[in-house]
Each structure stands twice: as structure tokens, then as C-alpha cells.
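> Mind having a look at this structure? Questions to follow.
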């Protein structure tokens, strides 16, 4: 189980990196503060803490380097192996609907951070929301 949890953590770091790169919130070889990143992402104020947590996680793993309040990529950012989600969730004993929900949330992350969509509709699409939340 620890191996699957570690792999899921690495996958999550890759997803964070992908969102920051794809949206150009943190391009390669550019230094930005958390506030600048949130502004570049268009993050809703109530979700700004999520991006700060991402940056803390990326910093702990040395994916980003920190200079005061500014951050930049430290070499090649982590990659996300989204195709591994079903196997990882199965290894952890979660239903396949959880992996599908996770993949859908990953696909919608920028819109979720911007409050352009809510998580509730994704829960409904994943099947019985009570069962999904109960499994979580």
C-alpha cells in the first residue's frame, strides 16, 4: 500500500506541475511569488490556499526552488502518469469510480480553481455521490 500511496503522491506532484506549466502560471526559468501564480492562474480567492499548498509540496520535494517569497522550477518538473490512476486506486482498495473521479477532477483543475465549475457535478457524474464520498 505504501508503494501505491507514494506513486499517487508523485502523480499528484506531476499534476500540480502540469497545471502550473500548461496555464503558464509558472513557466520554466521564471520566478514568481504565490500571489503572482494565483493571479496568473485566475484562482478564486477562496482557493488561493490550495495553490500555496501545491507550492509547499513542490518545494518539499525540491521540484521548485525558493528564494524568499519567489519560486521557480528546479530542473525538470515532475510528470503525471494519469494512466496509472486506475491501478493505484485498485491497489489501495478503492472502487474504480474513485479513479475516474480523480481523473475528471485533474482535467478540470484550472476551472475548479477559478470557480468556473463546482466539484458537486463531478461527484454526480462519478456515480452515487454518497458511495463515492463514503469510499473516500
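In the numbering used here, the protein residues as written are 56 to 191. Positions of the beta carbon are idealized from the N, C-alpha and C atoms, including for glycine.
Determine the extent of the alpha helix (DSSP H) in which residue 90 is found, giving its start and end residues.
The count along the chain shown starts at 1 and reaches residue 90 at position 35. Unbroken alpha helix (DSSP H) run through residue 90: 89-96.
> Considering only residues of the segment 112-156, which uninterrupted beta strand (DSSP E) runs meet the minimum length of 3 residues and lie entirely inside it, listed in chain order?
Here the runs fully enclosed are 119-122 and 125-128.
> So, residue 98 versus residue 106, is the Cβ gap smaller than 7 Å?
On the chain shown, residue 98 is found 43 positions in, with the first residue counted as 1. On the chain shown, residue 106 is found 51 positions in, with the first residue counted as 1. Yes. Within cutoff.
> Please look up how many angstroms separate the CB atoms of residue 69 and residue 135, rounded, as I've assumed it's under 8 Å.
The residue given as residue 69 occupies position 14 in the chain shown. The residue given as residue 135 occupies position 80 in the chain shown. Residue 69 to residue 135, Cβ: 3 Å. Contact.
> Taking contact to mean 3 or more Cβ pairs, one atom from each stretch, closer than 8 Å, check whether the segment 67-86 and the segment 145-156 are in contact.
Flag = no, the segment 67-86 and the segment 145-156 do not touch.
> By the three-class DSSP mapping on this structure, what secondary structure does residue 81 have?
Here the question's residue 81 lines up with position 26 in the chain shown. Coil.
> Could you tell me the distance, in whole angstroms, from the CA atom of residue 95 to the CA atom of residue 113?
If you number the chain shown from 1, residue 95 lands on position 40. If you number the chain shown from 1, residue 113 lands on position 58. So the alpha carbons of these two residues sit roughly 18 Å apart.
> Check each candidate in 176, 155, 60 and 57 and name the one with the smallest Cα separation from residue 138.
One-based indexing of the chain shown puts residue 138 at position 83. It is 155.
> Ordered along the chain, which non-local residues of its own chain (more than five positions away) have a Cβ less than 8 Å from that of residue 87?
Here residue 87 refers to the residue found at position 32 of the chain shown. So the qualifying residues of the chain are 80, 81, 95, 125, 126 and 127.
> Can residue 91 be considered in contact with the ligand SAH, in the sense that its beta carbon sits closer than 6 Å to one or more heavy atoms?
Looking at this structure, you won't find the ligand SAH or any other ligand, since it has none at all.
> Which residue wins for smallest C-alpha separation from residue 61, given the options 118, 143, 119 and 108?
The residue given as residue 61 occupies position 6 in the chain shown. When each option's Cα is compared against that of residue 61, the closest is 143.
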